[in-house]
Amino acid sequence: MTYVVNRLLSVILTLFLITLVTFAVTNILPGDVAMMIMGTQSNEAALEGLRQSLGLNDPLIVQYGRWIGGLLTGDLGNSLIFKKPIAELLVQKAVASAIIVVMSMTIALALAVPLGVWAAVHRDKWQDTVSSSASLMGVSLPDFFWGIVMILVFARWLVWFPSSGIVEPSEDFLGALRYAFLPSLALGLGLMAHLTRMTRSTMTGILGQEFICVARAKGLTERTVIWRYALGNAIGPVITIAGLQIGYLFGSIIVMESLFGYTGMGWLTYQALLNRDLPLIQATVVVIAAVVMITNLLVDLLYVLIDPRVKLG
Amino acid sequence: MKDIVSVDHLRVEFATDSGPVVGVEDVLFTIAPGETVCVVGESGSGKSVTSLSLMRLVEFGGGTIVAGALRFRREDGTELDVAAASPAVMGEVRGNEIGMIFQEPMTALNPVFTIERQLTDGLMLHKGLSQAQASARALELLKSVRVPEPERRLKQYPHELSGGMRQRVVIAMAMACEPKLLIADEPTTALDVTIQAEILALINRLKRENGMAVLFITHDMAVVAQMADRVVVMYRGKTVETGTVDQIFTAPKEDYTRALLAAVPKLGEMKGKPAPERMRLIGDESARAARVAPVARKPQVLLEVKNLTTRFPVKGGILRRTLAQVHAVEDVSFTLNVGETLALVGESGCGKSSCGRSILRLVKPTSGEVWIGGRDIGALSPYDLRKARADMQMVFQDPFASLNPYRRLKDQVAEPIVNFGLANGAALKARVEELFDRVHLPRAFLNRFPHELSGGQRQRVAIARALAVNPKLIVADEAVSALDVSVQAQVLNLMMELQEDLGLSYLFISHDMAVMERIAHQVGVMYLGRIVEIGSRAAVFDNPTHSYTKQLLSAVPIADPTKRRFADDLAFKPIKSPIFPLGHQPAPSVYTEVAPGHFVLKD
Amino acid sequence: MKRFKTTKGLIGIFLLTIIALVAILGPMILPPDAATKMDMLARRSPPNWNHLLGTDQLGRDMLARVILGARTSLEIAVSAVLMSIVLGLPLGLVSGYSGGWNDNVLMRLVDTLLAFPALLLALTISAVLGPNVQNTIIAIGVAFTPYLARIIRGEALKVAQMPYVEAARASGTTDGMIMLRHVLPNILPAVIVQATISLAFAILAEAGLSFLGLGTQPPAASWGLMIQASRDQLDVAPWTALVPGAAVALTVLGLNMFGDVLRDILDPKSK
């Protein structure tokens with residue numbers, strides 16, 4: 003129980019620090035927000051008016067307090083470019099992005115785990131060379147390049163999937179999946195390359211341990227030894243690593259959603275950054291960081307279920 | 006009688022990046038039903054490769070049996086050519102007809118499966134038992150290896166069990182299908198001496214009750230003397246000598262065997278001798294001739310430790326508050342004379358290492374005083390403490406980790422001299438060369454890096470570094486434990502020679518009672534942070550008075566096959582936890598003086 | 028596998044040498060206007076003898092642009108990684124070696140920063156500071172610092188617990204000297220490996236930033252910008268995407284191959 007309480011306190015502290023960092027990056031760094039919004043050529047009176055209306059002339063601590071107060075009450079202010087309440091925008095876009103995150107992670111894990119195990123079992127043989135070379139290629143290409151290849155192959159040449167756009171899952175769930183598939187596949191392939199490498203090295207370490215030798219000395223078949231004894235131990239670390247990749251994934255969806263014109267959180271963040279929509283930048287950045295942190299927390303809790311050595315409390 | 010195992014001119018090679026490397030090249034021995042054969046050798050002798058080959062497990066480590074024959078007589082009487090057997094046949098043999106136990110009980114069990122699952126999967130596979138039958142048999146097995154509360158253990162995971170208990174589970178796993186042959190690969194090397202005694206006794210009983218043969222792999226001649234019917238001595242991948250245990254111990258034929266046996270101290274052999282003696286080394290006549298002379302001078306106190314207590318916080322929670330304390334060292338007092346050796350002995354976790362580190366102020370003691378040469382180390386300012394370190398140096402256990410891999414040896418030996426500004430330029434160079442001579446290392450090593458040296462040579466460098474600033478006290482923390490027995494003897498002799506020549510005092514921290522009996526003037530036995538008994542070597546070894554000292558001494562294997570001690574089941578008191586809640590105030594240590602200078606803790 | 032590893036290392040070194048030479052010498056050899064000269068008669072022309080790698084939508088020579096892009100990408104990536112080492116090394120070293128309260132506070136901060144995806148952090152900093160080459164370096168350098176600090180701290184913590192550090196302390200060596208002589212040399216291999224890997228990530232990050240218009244700005248040549256420009260002409264001029272894509276891939280591949288082999292050599296555990 004103390005563990006849960008401690009963990010919760012730690013989450014609250016980290017969330018607080020996340021807001022602080024976001025505020026610091028967007029407000030304290032040199033650069034005039036009003037000028038960012040209106041451009042360098044605008045006249046001084048208009049700039050001053052905007053500063054007044056945004057409260058930019060108040061001391062930073064007051065600005066921060068006002069912003070955090072809004073965050074706590076769910077009032078994130080209005081987006082300057084969309085002229086809509088930010089909270090409303092976020093809720094709408096979050097679902098779309100969740101589909102992509104889940105889909106790409108599923109694709110990545112489903113391919114990476116068998117491939118990594120295969121490479122580790124045949125360590126230093128041709129199978130390992132093939133798997134290692136493929137994953138090395140995978141981690142070396144920018145994922146937006148994968149996206150372009152996907153568009154070229156699946157949308158332009160084969161015309162199996164749409165190259166851009168989005169369908170609301172509430173209207174047509176299968177259609178939504180169809181639109182999410184290509185960006186998810188492009189993200190999943192890059193992710194898969196990382197996870198294959200990680201699975202291979204984790205499995206290699208475990209296969210070298212004494213309890214594997216003991217299992218073989220008991221006469222168990224190689225299949226049992228590898229898929230039950232070894233993988234049973236590797237799955238915890240692999241899931242932890244996959245959880246850490248969530249952060250990377252949230253960075254990549256900014257690029258990928260923009261490339262596919264898929265209007266989710268990543269696209270929204272990009273629009274905010276491109277148009278210097280300060281309230282929207284702050285909101286999306288805080289939300290993404292919080293989601294990444296909470297996902298990692300959930301993965302930690304999941305670990306407790308997988309590994310009996312880790313206990314709550 | 007037909008042998009159940011015969012190994013004939015076995016040769017195993019390992020594929021490496023730079024071509025095949027020979028693991029073993031010429032091994033031959035046999036095992037008769039019901040007998041214990043010990044394969045003994047130092048590190049790199051190929052003894053483990055031999056045992057893994059017999060199970061054909063060696064190929065999972067990249068090894069290949071390239072020549073020779075391995076024959077195993079199966080339960081149905083047919084003879085199996087192990088080297089040529091198919092994977093399916095090996096699957097039937099492994100765990101079913103041959104059981105195996107390993108060195109590291111901490112890593113031999115799968116951490117994410119329950120004990121029950123690990124005990125039953127072999128039974129269900131080999132004997133076709135149902136889950137319920139297998140579970141019933143698993144319970145029976147745990148009882149036969151004397152695991153307390155067996156019902157509860159079945160549902161537990163390995164990390165919830167102590168090291169000794171895990172090794173019992175590993176043995177139960179190996180015994181599950183009642184194999185005719187049990188291979189035990191260094192099964193007690195990682196265990197404390199009392200737990201080792203229990204495990205050895207357990208293997209002896211199981212062997213007697215089941216009539217199985219045992220192939221016992223070890224580096225420890227004392228364990229060989231206690232366990233073997235017959236002995237196979239290996240050296241660099243070859244069988245050097247085989248014979249019955251009596252033959253090997255009383256009339257070894259080969260020089261290597263003789264040298265190996267000579268270097269092994271036998272507990273009890275120092276009875277009635279007034280002073281420490283050097284280790285026996287064949288071919289090193291100076292060692293035999295020189296004998297540490299009794300200290301003639303009037304004893305003069307160098308180190309006085311008064312009521313030393315060290316506690317470590319157990320932290321937790323988000324604010325990293327202290328939740329409890331480890332009472333590592335609890336009210337310890339003793340004195341050490343100039344030119345003498347005090348041995349602090351005890352099992353792992355007894356606080357002997359923390360005691361040494363507290364004296365050197367490498368950890369900060371909670372309370373107590375440490376006087377060296379008339380100064381209280383605890384009361385010194387950080388600046389004075391750094392200066393005072395010149396008087397007290399340390400030699401660590403692991404010769405591979407105690408030298409910085411990225412610095413030349415001469416710089417590492419010179420470091421303390423530079424720190425204290427004792428010499429520079431040509432004088433520094435001369436001093437470092439002199440130190441290398443002193444520890445019998447060639448000057449050619451001055452410019453080398455640690456990885457170019459063997460374990461024994463590195464330990465000599467560590468000793469040279471400790472000697473560099475002419476200390477009065479050297480704390481040697483398990484300084485020879487990681488070394489092979491012949492190297493261990495050489496390093497110990499060097500240390501005793503230095504003591505004679507330089508009048509050094511040693512605080513020797515060790516778990517090895519037989520070695521300490523040879524080299525110590527005074528002995529302190531530690532248990533749960535306290536010294537439970539302290540006195541002269543003769544007093545403690547010849548007249549052990551505290552119950553824990555008695556238990557410890559009775560558990561030490563003696564390198565003499567006529568003095569066997571582990572026939573029947575043994576059960577020693579398990580060691581209690583040294584962790585106490587905050588605010589726990591333990592009683593002070595009160596001693597009875599049973600003879601002049603021989604103190605025993607009142608319980 | 029030994030052969031595979033050696034081959035991998037050699038290919039890595041080969042690729043990196045070529046790319047470094049191109050990035051350094053290329054701009055000196057090329058005529059100053061090679062990358063900006065527009066050949067209006069040969070817009071989107073496929074690879075031919077006049078334009079070995081074809082031209083883009085404005086008729087600019089792809090080969091010249093990809094060579095200039097190499098310089099931009101490497102300049103930004105190397106400077107950003109150096110910046111993150113300069114910031115992260117002392118932070119991680121002191122935090123890992125001294126432990127205690129400092130370490131707790133610093134690592135709490137680093138953990139918080141790690142919750143921000145590196146690309147998002149870099150994008151945000153670049154957007155706030157205003158996108159140009161210098162700010163792209165700052166953005167990537169700051170975004171990578173917590174990763175480096177974390178890894179260096181872990182290594183320093185491991186080394187600080189080694190007996191040779193305790194031995195040095197026992198023989199009267201000061202903390203500063205221990206960090207300099209014992210801890211630093213022993214964590215350096217890990218830092219070098221991490222720097223190589225970070226360099227690969229920095230190349231990708233620069234490409235990503237420029238692709239999104241928040242990194243290098245036109246008319247400067249950058250691989251990310253070139254891929255961005257190719258988006259609308261994929262069917263008619265696929266080489267405009269493939270050429271810069273291949274340039275990024277080969278550079279990152281070279282760094283990753285070199286990094287893998289370096290890790291095998293420098294880290295005895297992985298053998």
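Chains as they are written, first to last, in our numbering: chain B, 3 to 315; chain F, 6 to 608; chain P, 28 to 298. Note that CB positions come from ideal geometry on N, CA and C, so glycine has one too.
*Establish whether the CB of Thr18 (chain P) and some CB of chain F are separated by less than 7 Å.*
There is no way to answer for residue 18 (chain P), as the model of chain P reaches only from 28 to 298.
*Label Ser100 (chain P) either buried or exposed according to how many other C-beta atoms from any shown protein chain fall within 10 Å of its C-beta, with 16 as the threshold for buried.*
The sequence position of residue 100 (chain P) within the third sequence is 73, counting from 1. It counts as buried.
*Leaving out five residues on either side along the sequence, give the residues of the same chain with a beta carbon under 8 Å from the beta carbon of Arg180 (chain B).*
Translated into the one-based positions of the first sequence, residue 180 (chain B) becomes position 178. Same-chain partners within the cutoff: Phe163, Pro164, Val169.
*Using a C-beta cutoff of 7 Å, does Met500 (chain F) count as contacting chain P?*
The sequence position of residue 500 (chain F) within the second sequence is 495, counting from 1. No, its Cβ sits nowhere closer than 7 Å to a Cβ of chain P.
*So which residues of chain B does Asn283 (chain P) contact, with C-beta pairs closer than 8 Å?*
For this step, residue 283 (chain P) is matched to residue 256 along the third sequence. Leu138, Val141, Ser142, listed in chain order.
*asked:* I'd like the span of the beta strand (DSSP E) that includes Ser11 (chain F), first residue to last.
replied: Indexing the second sequence from 1 puts residue 11 (chain F) at position 6. Its beta strand (DSSP E) spans residues 10-21.
*In angstroms, rounded to a whole number, what distance separates the CA positions of Pro246 (chain P) and Thr63 (chain P)?*
For the purposes of this step, residue 246 (chain P) is taken as the residue at position 219 of the third sequence. For the purposes of this step, residue 63 (chain P) is taken as the residue at position 36 of the third sequence. Each residue's alpha carbon lies about 8 Å from the other.
_Which listed residue (F:Ala333, F:Phe604, F:Ala564, F:Phe546) has its alpha carbon closest to that of Pro279 (chain F)_ = Position 274 of the second sequence, counted from the first residue, corresponds to residue 279 (chain F). Among F:Ala333, F:Phe604, F:Ala564, F:Phe546, the Cα nearest to that of Pro279 (chain F) belongs to F:Phe546.
*Would you kindly report the start and end of the unbroken beta strand (DSSP E) that includes Cys360 (chain F)?*
As a first step, residue 360 (chain F) must be located in the second sequence, where it is residue number 355. From DSSP, Cys360 (chain F) is part of no beta strand (DSSP E) but of the alpha helix (DSSP H) over 357-364.
*Give the secondary structure of Pro25 (chain F) by DSSP, where H, G and I count as helix, E and B as strand, and everything else as coil.*
Stepping through the second sequence from its first residue, residue 25 (chain F) is reached at position 20. Three-state DSSP puts Pro25 (chain F) in a strand.
*Scan the stretch 357-391 of chain F for residues whose Cβ lies nearer than 7 Å to a Cβ of chain P and list them as they occur along the chain.*
Leu365, Leu367, Arg391
_When you compare the CB positions of Arg569 (chain F) and Gln231 (chain F), do they come within less than 7 Å of one another, or not?_
On the second sequence, position 564 is the one that residue 569 (chain F) refers to. On the second sequence, position 226 is the one that residue 231 (chain F) refers to. Yes.
_Any beta carbon of chain B sitting closer than 7 Å to that of Asn215 (chain F)?_
In the second sequence, the residue the question calls residue 215 (chain F) occupies position 210. No, no contact with chain B.
*Does any C-beta atom of chain F lie closer than 7 Å to the C-beta of Met189 (chain P)?*
Residue numbering aside, residue 189 (chain P) sits at position 162 when the third sequence is read from its first letter. Yes, its Cβ sits closer than 7 Å to a Cβ of chain F.
*What's the gap between the Cα of Leu231 (chain P) and the Cα of Ala47 (chain B)?*
Numbered from its first residue, the third sequence carries residue 231 (chain P) at position 204. Numbered from its first residue, the first sequence carries residue 47 (chain B) at position 45. Going by the C-alpha atoms only, they are around 42 Å apart.
*Could you please give me the residues that DSSP links to Met239 (chain F) through a beta bridge?*
In the second sequence, residue 239 (chain F) corresponds to position 234, counting from 1. Paired residues: F:Thr244.
*asked:* Applying the 10 Å Cβ sphere with the 16-neighbour rule, what's the burial state of Tyr20 (chain P)?
replied: Only positions 28 to 298 of chain P appear in this structure, which leaves residue 20 (chain P) out of reach.
*Could you give the residue range of the alpha helix (DSSP H) that holds Pro116 (chain B)?*
As a working mapping, residue 116 (chain B) is identified with position 114 in the first sequence. Element bounds for Pro116 (chain B): 88-123.
_Just checking: is the beta-carbon of Glu170 (chain B) within a distance shorter than 7 Å of some beta-carbon in chain F?_
On the first sequence, residue 170 (chain B) is found 168 positions in, with the first residue counted as 1. No, no contact with chain F.
_By alpha-carbon positions, which one of F:Val530, F:Ala72, F:Tyr388 ends up nearest to Val17 (chain F)?_
Taking the first residue of the second sequence as 1, we reach residue 17 (chain F) at position 12. When each option's Cα is compared against that of Val17 (chain F), the closest is F:Ala72.
_CB of Val257 (chain B) within 7 Å of CB of His196 (chain B), strictly_ = Locating residue 257 (chain B) in the first sequence gives position 255, where the first residue counts as 1. Locating residue 196 (chain B) in the first sequence gives position 194, where the first residue counts as 1. The answer is no: Cβ separation not under 7 Å.
*Please go through the same chain and pick out, in chain order, the residues whose beta-carbon is closer than 6 Å to the beta-carbon of Ser486 (chain F), but skip the five residues on each side of it.*
Looking up residue 486 (chain F) in the second sequence gives position 481. Taken in chain order, the residues that qualify are Gln402.
*Please go through the same chain and pick out, in chain order, the residues whose beta-carbon is closer than 6 Å to the beta-carbon of Thr69 (chain F), but skip the five residues on each side of it.*
Taking the first residue of the second sequence as position 1, residue 69 (chain F) is located at position 64. Counting only Cβ-Cβ distances below 6 Å, and skipping sequence neighbours, we find Glu18.
*Please work out which residues of its chain come closer than 8 Å, Cβ to Cβ, to Ile283 (chain B), disregarding the five sequence neighbours upstream and downstream, and give them in chain order.*
Position 281 of the first sequence, counted from the start, is the residue given in the question as residue 283 (chain B). Cβ neighbours of Ile283 (chain B) beyond the five flanking positions: Thr28, Thr271, Ala274, Leu275.
*Taking C-beta pairs closer than 7 Å, name the residues in chain P that Ile153 (chain B) reaches, listed in chain order.*
For the purposes of this step, residue 153 (chain B) is taken as the residue at position 151 of the first sequence. Within chain P, the residues near Ile153 (chain B) are Leu261.
*Where does Pro3 (chain F) fall in DSSP's three states?*
Because residue 3 (chain F) is not part of the residues shown, which for chain F are 6 to 608, the question remains open.
*So, is Ala292 (chain F) buried or exposed, given that buried needs 16 or more other C-beta atoms within 10 angstroms?*
As a working note, residue 292 (chain F) is residue 287 in the second sequence. Residue placement at Ala292 (chain F) cannot be trusted, given a pLDDT of 48 that sits under 50; the coordinates are not used to answer.
*asked:* Between Asp291 (chain P) and chain F, is the shortest Cβ-Cβ distance under 7 Å, so that the two count as touching?
replied: Start at 1 with the first residue of the third sequence, and residue 291 (chain P) comes out as number 264. It does not; no Cβ of chain F falls within 7 Å.
*Along the chain, where does the beta strand (DSSP E) that runs through Phe65 (chain F) open and close?*
Locating residue 65 (chain F) in the second sequence gives position 60, where the first residue counts as 1. Note, Phe65 (chain F): premise wrong, no beta strand (DSSP E); not H, not E.
_Cβ distance (whole Å) where Val269 (chain F) is taken to contact Ala564 (chain F) below 8 Å_ = Within the second sequence, numbered from 1, the residue matching residue 269 (chain F) stands at position 264. Within the second sequence, numbered from 1, the residue matching residue 564 (chain F) stands at position 559. Contact holds; Cβ gap of about 5 Å.
_Beta carbon proximity, Met399 (chain F) to chain P, threshold 7 Å_ = If you number the second sequence from 1, residue 399 (chain F) lands on position 394. Yes, its Cβ sits closer than 7 Å to a Cβ of chain P.
*Where Val23 (chain B) and Leu512 (chain F) are concerned, what is the direct C-alpha to C-alpha distance, given to the nearest angstrom?*
Against the first sequence, residue 23 (chain B) aligns to sequence position 21. Against the second sequence, residue 512 (chain F) aligns to sequence position 507. Their Cα atoms are separated by approximately 53 Å.
*Thr125 (chain F) versus chain B: which residues are under 8 Å apart at the beta carbon?*
As a position in the second sequence, residue 125 (chain F) is number 120, starting the count at 1. Chain B residues near Thr125 (chain F): none, gap ~11 Å exceeds 8 Å.
*Hey, Arg465 (chain F) and Val444 (chain F): beta-carbon distance below 7 Å or not?*
Counting from 1 along the second sequence, the entry for residue 465 (chain F) is found at position 460. Counting from 1 along the second sequence, the entry for residue 444 (chain F) is found at position 439. Yes, they are a contact pair.
*Ala294 (chain F) versus Ala197 (chain P) - alpha carbon distance*: Start at 1 with the first residue of the second sequence, and residue 294 (chain F) comes out as number 289. Start at 1 with the first residue of the third sequence, and residue 197 (chain P) comes out as number 170. In this predicted model, Ala294 (chain F) has a pLDDT of only 47, less than 50, meaning its place in the structure is not dependable; the value taken from the coordinates is given anyway. Distance between the alpha carbons of Ala294 (chain F) and Ala197 (chain P) is about 35 Å.
*Give me the Cα-Cα distance between Val561 (chain F) and Ser135 (chain B), rounded to the nearest whole angstrom.*
What you label residue 561 (chain F) is simply residue 556 of the second sequence in a count that begins at 1. What you label residue 135 (chain B) is simply residue 133 of the first sequence in a count that begins at 1. So the alpha carbons of these two residues sit roughly 55 Å apart.
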